[in-house]
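Same order as they appear, the protein sequences are chains H and X. The first sequence begins at 1 in UniProt numbering and counts up one residue at a time. The second sequence begins at 1 in UniProt numbering and counts up one residue at a time. From the three backbone atoms N, C-alpha and C, an ideal C-beta is built for every residue, glycine too. Note sheet for the following structure.
Protein chains: 2
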Amino acid sequence: MSLDLYYWPSIQGRGEFPRLVLEAAGADYRDMARLDGVEGGGVEGMMAFMEGKRGHPVPFAPPFLVDGDLLVSQSAAISAYLGETLGLAPDDRPGREWARALAATTSDLTAEAHDVHHPVGVSLYYEEQKPEALRRAKEFREQRIPKFLGWYERLIETNPARSGWLVGNRLSYVDLGLFQVAAGLAYAFPRAMAEADRRFPGVAALAARVRETPLIADYLASPRRLPFSTEGIFRAYPELDGGA
Amino acid sequence: MSLDLYYWPSIQGRGEFPRLVLEAAGADYRDMARLDGVEGGGVEGMMAFMEGKRGHPVPFAPPFLVDGDLLVSQSAAISAYLGETLGLAPDDRPGREWARALAATTSDLTAEAHDVHHPVGVSLYYEEQKPEALRRAKEFREQRIPKFLGWYERLIETNPARSGWLVGNRLSYVDLGLFQVAAGLAYAFPRAMAEADRRFPGVAALAARVRETPLIADYLASPRRLPFSTEGIFRAYPELDGGA
């Protein structure tokens, strides 16, 4: 089986969510847009799908995954498909549906983290919307981060399996998603997240546990893991973290 | 089987996406937050879930659906679950996964339509972020609406079934989602959407066809369909439509 992931080659971005599922599962996959020498690889190979040259369906945006005759886009949908296929999802229907809802909420948090530095629109640079970003960042730090992380904390606390994971009694793709968003927020908002780590110890413990999972630890130490940067979704602008 | 949908009783909002699936399927369902006299109904009944009084899992926000021991939140995830359960989704795995990705993209468009009038944050009133909203609205009208609707248009054009629907050869939940977002945009941005209807005739035809589907036509004419309003996601502020 060939699992081909397509995403921009120079940033973690939304591609990192399905990539973490592939890595945690030890899956044999190809990160196609980073493979310039491979047939159908490179950014050109990715754009061929986006431009409809590879037929129907046409993804709206990266990331997308091609698995034989299946194409799925949207980071949460890809992560769910991979999680269900590779043993990193609940086995039962109620658990699977709930996990999909949970992953969609993690996507919402990710989108909000992005919009902090681009409140007026994606076609303008950050520097063109800085006053608006400062206003939005304050709300994000003071209200949105605690609201989302408090919700994850409650889910961990009330998980009937008492496993420390978000669903069931083992690691699943939704935990990988929470790890990634917590890591991104810690990069972009270190002051706000230092406080959040104290307030939401279950979330902090889950993220640490994911980080120490052998296959994830190997991946994070490898060159396959790109660094966070101010080109990505999560951006370290100290003024947006309430700093000087 | 009891299908209980929970959503704020006074607006269409994100609850309208799963509600349309229930209506198009002719499903026997209860719109719980509107049922004040029913046990577990009313806004109070809905809030009991949100506050964790009904156990795990706790939804982050409405809408959510309860079907026996299954709880699913997030409008796209609920719509997908209902579509797959009630015969308004593709039958094959690749089709189902793609439809879920498509619905997630419709949720993204819906979120962007909301953020036009709330670019700086949800905790402030529209009136407190009007200059920012004017800037964001221009980008939304000129770039984002054509990008999204152009993508739907291409999917309709390249659907191998040549059915005029987004996927396969019959109505599915993703068509209902596109109908709803097109209706919301036509309410909020009538000038921009009049132009879009000319540029994207396949989208306009699909939306019209959904509107004329007997069960949907009945629903739209019933008191169960709430009106669009400036309390919802899609808001008719003429200044954001490029008007005076």
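Collapsed DSSP secondary structure at Leu171(H) in the structure displayed:
coil
How many whole angstroms separate the CB atoms of His118(H) and Gln129(H), which I take to be in contact at a CB cut-off of 8 Å?
7 Å
Around the Cβ of Tyr6(X), are there at least 16 other Cβ atoms within 10 angstroms (buried) or fewer (exposed)?
buried
To which residues of the same chain is Ile145(H) closer than 8 Å at the C-beta, ignoring the five residues directly before and after it?
Leu185, Phe189, Ala192, Met193, Ala196
Counted within 10 angstroms of its Cβ, other Cβ atoms place Glu97(X) as buried (16 or more) or exposed
buried
For Arg136(X), count neighbouring C-beta atoms within 10 Å of its own C-beta (all shown protein chains included) and say buried if the count is 16 or more, exposed if not.
buried
Residue from Arg19(X), Ile78(X), Ser229(X) with nearest C-alpha to Ser10(X)
Ser229(X)
Among Gly13(X), Arg19(X), Arg141(X), which has the Cα closest to the Cα of Ser123(H)?
Arg141(X)
Let me know the secondary structure DSSP gives residue 252(X) once reduced to three states.
No information on residue 252(X) is available, as it lies outside the stretch 1 to 244 that chain X covers here.
Pull up the distance between the alpha-carbon of Arg30(H) and that of Gly42(H), whole angstroms please.
11 Å
If you run the structure through DSSP and keep just helix, strand and coil, what is Tyr125(H)?
coil
Quick check: Val58(H) and Arg199(X), are their CB atoms within less than 8 Å of each other?
no
Ends of the alpha helix (DSSP H) at Asp4(H)?
Where Asp4(H) is concerned, there is no enclosing alpha helix (DSSP H), although the beta strand (DSSP E) it sits in stretches over 3-6.
What residues in the stretch 146-160 of chain H bring their beta carbon closer than 7 Å to a beta carbon of chain X?
Trp151, Arg154, Leu155, Thr158, Asn159, Pro160
Quick check on this structure: which residue in Leu206(X), Val66(X), Leu176(X) has the alpha carbon closest to the alpha carbon of Ser107(X)?
Leu176(X)
Please report whether the beta-carbon of Leu22(H) lies at a distance below 8 Å from any beta-carbon of chain X.
no
What residue range is occupied by the uninterrupted alpha helix (DSSP H) comprising Asp115(H)?
93-117
Which word fits Glu239(H), buried or exposed, when buried means at least 16 other C-beta atoms lie within 10 angstroms of its C-beta?
exposed
Chain-ordered neighbours of Thr105(X) on chain H, where CB pairs are closer than 7 Å:
Phe60, Gln74
Taking the beta carbon of Asp62(H) as the centre, do at least 16 other beta carbons fall within 10 Å, making it buried, or is it exposed?
With the sequence shown as reference, residue 62(H) is identified as Pro, and Asp is not the correct amino acid for it. By the 10 Å Cβ count, Pro62(H) comes out buried.
Ala207(H) and Leu178(H): beta carbons closer than 8 Å?
yes
My understanding is that Tyr152(X) touches Val210(X), with C-beta atoms under 8 Å, so please give their C-beta distance in whole angstroms.
No, Tyr152(X) and Val210(X) are not in contact; Cβ-Cβ is about 13 Å, not under 8 Å.
Mapping the DSSP letters down to three states, classify Arg30(H) as helix, strand or coil.
strand
Compare the Cα-Cα distances from residue 284(H) to each of Ala104(X), Val66(X), Ala33(X) and report the closest residue.
In the structure as shown, chain H starts at 1 and stops at 244, and residue 284(H) therefore has no counterpart that could be examined.
Does the CB of His114(X) have a neighbour CB from chain H at under 8 Å?
no
Residue span of the alpha helix (DSSP H) that contains Phe49(X), given as start and end:
42-50
Of all the residues that make up the stretch 89-103 of chain X, which are near chain H by a beta-carbon distance shorter than 8 Å?
Arg93, Pro94, Glu97, Trp98, Arg100, Ala101, Leu102
Which of the three DSSP states is assigned to Asp36(X) in this structure?
coil
Rounded to whole angstroms, what's the CA-CA distance from Met50(X) to Arg34(H)? Just pull it up for me.
43 Å
When you compare the CB of Ser123(X) with every CB in chain H, is at least one pair closer than 8 Å?
yes
For His56(H) and chain X, any beta-carbon pair shorter than 8 Å?
yes
Sequence-distant residues of its chain with Cβ nearer than 6 Å to Val72(X) (five each side left out):
Leu65, Ile78, Tyr81
Using beta-carbon positions only, say whether Leu102(H) and Leu22(H) come within less than 8 Å of one another.
no
Check this for me: beta carbons of Ile233(H) and Arg19(H), under 8 Å apart or not?
no
Determine the closest residue to Leu3(X) out of Phe17(X), Glu16(X), Gln12(X), Met32(X), with distance taken between C-alpha atoms.
Met32(X)
Are the C-beta atoms of Asp69(H) and some chain X residue less than 8 Å apart?
yes
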